[in-house]
Amino acid sequence: MDTTKPLRGFTTAILHSDRDGDVEHGALHKPLHVSVAYGYRDARDLAAVFQGRAPGYSYGRQGNPTTAALEAKVTKMEDGVATVCFATGMAAIGALMLALLREGDHVVASQFLFGNTVSQFNTLAAHGADVTFVDATDVANVERALTPATRLIFVETIANPRTQVADLARIGELARQRGILYVVDNTMTSPALFRPKAVHAGIVINALTKYIGGHGNALAGSVTDTGVFDWTGYPNIVESYKAQPRPLWGIHQIRKKGLRDFGATLCAGDAHSIAIGAETLALRMERTCANAQALAEFLAAHPKVAKVYYPGLPSHAQHALSRSLFRAFGGLFGFELADGIDCFEFLNRLDIVVSSSNLGDNRTLAIPVAHTIFWEMGPARRAEMGIADGLIRVSVGIEDRDDLIADFTHALGGAP
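Note that the sequence shown ends on residue 597 in my numbering; no numbers are left out.
Here is the structure:
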């Protein structure tokens, strides 16, 4: 990075990120690089790249110039030191755990994590790493769960689908004091609304498929090292990787043991799609958050709606905390219909809103949570997470606000 340049705003920095480096033929976007292999005229240069003594590309499974350009964008978004991209958000989380944890290590995680993340952590536990799930809305619960074997704390900014907000700043301070790696999944807020580095997160996860990509046309995930964690105290770093600069020990191991060995490589085409989508992230989030706030307020006042879960509402348990942390309250909320109203019939009456399992799309999407994405958990675990059978999750898009409210008005009007 050229430190002589003045600091740029969020969107300006992302728009011009590719041209901060060398771009082929003066292109405004980093072009697609689809080659799997890379040749060197001097075999010593090839060896230097393999050994990490020189920059370059050795094999497509470990990345390519197009993916590297996206990684640079995400690093800027999160004000980090380096990023590794993966084929999906779940691959990013799995690769992180594979690279950094060993048998007997302990993880403290929020009990309100996304269902697939919980499933992945349960698989991790089956392979010898202990995982304790706690109510992370209170730092005291996290502190009580810590053990001498605790290697990392894992939380999301806003939970999906009930929108519980973790006690982010106080957990970060606890992790800093104890020298524990603090991992924050920033998917639900995105770096346009919140940077976890501000609360001492050492690692930030983003499911790039969601708000950063925004268009529902590419899968991707990322792991960003913010530079605030001291890797010299982390016991699981491979000795040979300590030849790298100390701030890069962790991310280098994630790239080698996570990406190279795990193999969940992001293809160049999807990296390019995500990079283009990222350019309008801040603009889209402004519209999405405004729409979500309006819809949540409309539903909260409607007699046929029992409950609405959205951090932007004063009734939300972490509303004050959210105001202190985030630039806005995100584009996702959950709500429960009044007794006697069938959630499937309601969803079928919606016209603009699409019944779909994705989130962070430009289109507004809705899904019956207990019957789909959290079905595998079973009723007992859903009850622990506060997920009622009739809970509907809404991921709000960028449509015209009046059209969305009219769609919900129509669907509720047809309810008994």
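Note that the Cβ used here is the ideal one computed from N, Cα and C, for glycine as well.
Consult DSSP for residue i and reduce its assignment to one of helix, strand or coil.
| i | result |
| --- | --- |
| Cys448 | coil |
| Lys488 | strand |
| Ile352 | helix |
| Glu337 | strand |
| Met182 | With a pLDDT of only 45 at Met182, under the threshold of 50, the placement of this residue in the model should not be trusted; the figure read from the coordinates follows. DSSP places Met182 in coil when its eight states are reduced to three. |
| Ala326 | helix |
| Asn387 | strand |
| Leu279 | helix |
| Gly402 | strand |
| Ser505 | helix |
| Ser421 | helix |
| Leu531 | coil |
| Asp199 | helix |
| Leu362 | strand |
| Ser300 | helix |
| Ser537 | coil |
| Glu374 | Going by the sequence as given, residue 374 is Leu instead of Glu. Leu374: coil per DSSP, three-state reduction. |
| Asp584 | helix |
| His308 | coil |
| His453 | helix |
| His591 | helix |
| Thr192 | helix |
What separation, rounded to the nearest whole angstrom, lies between the Cα atoms of residue i and residue j?
| i | j | result |
| --- | --- | --- |
| Arg357 | Met278 | 20 Å |
| Asn539 | Lys391 | 8 Å |
| Val315 | Asn322 | 6 Å |
| Ile334 | Val346 | 15 Å |
| Arg436 | Pro426 | 15 Å |
| Pro495 | Ala501 | 8 Å |
| Asn282 | Gly431 | One detail in the question is off: residue 282 reads as Leu in this sequence, not Asn. Cα to Cα, Leu282 sits roughly 12 Å from Gly431. |
| Met566 | Leu546 | 22 Å |
| Gly439 | Cys524 | 41 Å |
| Met182 | Ala263 | Note that Met182 scores a pLDDT of 45, beneath 50, so its modelled location is shaky; the value from the coordinates is reported in the next line. Approximately 12 Å between the Cα atoms of the pair. |
| Tyr240 | Ala471 | 44 Å |
| Ile573 | Ser536 | 10 Å |
| Ala475 | Leu196 | 29 Å |
| Gln434 | Glu467 | 36 Å |
| Arg530 | Arg200 | 47 Å |
| Arg284 | Asp583 | First, the amino acid is wrong: residue 284 is Glu here, not Arg. Distance between the alpha carbons of Glu284 and Asp583 is about 54 Å. |
| Val230 | Gln243 | 12 Å |
| Ser291 | Gly275 | 16 Å |
| Asn543 | His308 | 38 Å |
| Arg508 | Tyr221 | 47 Å |
| His497 | Leu506 | 15 Å |
| Thr198 | Lys254 | A small fix is needed here, since residue 198 is Ser in this sequence, not Thr. Answer to the nearest angstrom: the Cα atoms are 6 Å apart. |
| Leu464 | Phe191 | 11 Å |
| Gly578 | Glu337 | 21 Å |
| Phe375 | Glu460 | 17 Å |
| Tyr422 | Asp411 | 15 Å |
| Ala449 | His210 | 13 Å |
| Ile418 | Leu593 | 55 Å |
| Ala388 | Ala445 | 14 Å |
| Lys485 | Gly296 | 28 Å |
| Asp581 | Val550 | 25 Å |
| Ala399 | Arg504 | 31 Å |
| Asn303 | Ala340 | 18 Å |
| Val365 | Asp223 | 42 Å |
| Glu420 | Val534 | 52 Å |
| Ala587 | Phe479 | 11 Å |
| Ile384 | Thr407 | 6 Å |
| Val217 | Pro428 | 29 Å |
| Lys488 | Ala481 | 7 Å |
Checking the sheet assignment: what are the DSSP bridge partners for residue i?
| i | result |
| --- | --- |
| Ser239 | According to DSSP, Ser239 bridges with nothing at all. |
| Gly515 | Tyr490 and Arg574 |
| Pro560 | Paired residues: none, contrary to the question. |
| Ser291 | Val315 |
| Ala208 | Per DSSP, none; premise fails for Ala208. |
| Ile548 | Arg574 |
| Ser496 | Beta-bridge pairing links Ser496 to no other residue. |
| Thr368 | None; Thr368 has no bridge partner. |
| Thr331 | His287 |
| Ala263 | Asp406 |
| Val255 | Val255 is not bridged to any residue. |
| Val320 | None; Val320 has no bridge partner. |
| Thr346 | Checking the sequence shown, residue 346 turns out to be Val, not Thr. According to DSSP, which records beta bridges pairwise, Val346 is partnered with Ile339. |
Could you tell me how far apart the beta carbons of residue i and residue j are, in whole angstroms, since I believe they sit closer than 8 Å?
| i | j | result |
| --- | --- | --- |
| Ser300 | Gly394 | With 8 Å as the limit, Ser300 and Gly394 do not qualify as a contact, their Cβ atoms being about 23 Å apart. |
| Thr405 | Gly261 | 4 Å |
| Val491 | Phe514 | Checking the sequence shown, residue 491 turns out to be Tyr, not Val. Right, their Cβ atoms sit about 4 Å apart. |
| Pro236 | His214 | No, Pro236 and His214 are not in contact; Cβ-Cβ is about 15 Å, not under 8 Å. |
| Ala249 | Val289 | Not really, about 33 Å apart at Cβ, beyond 8 Å. |
Query - Runs of alpha helix (DSSP H) wholly within the segment 210-235 (minimum 4 residues, chain order) - result: 224-231
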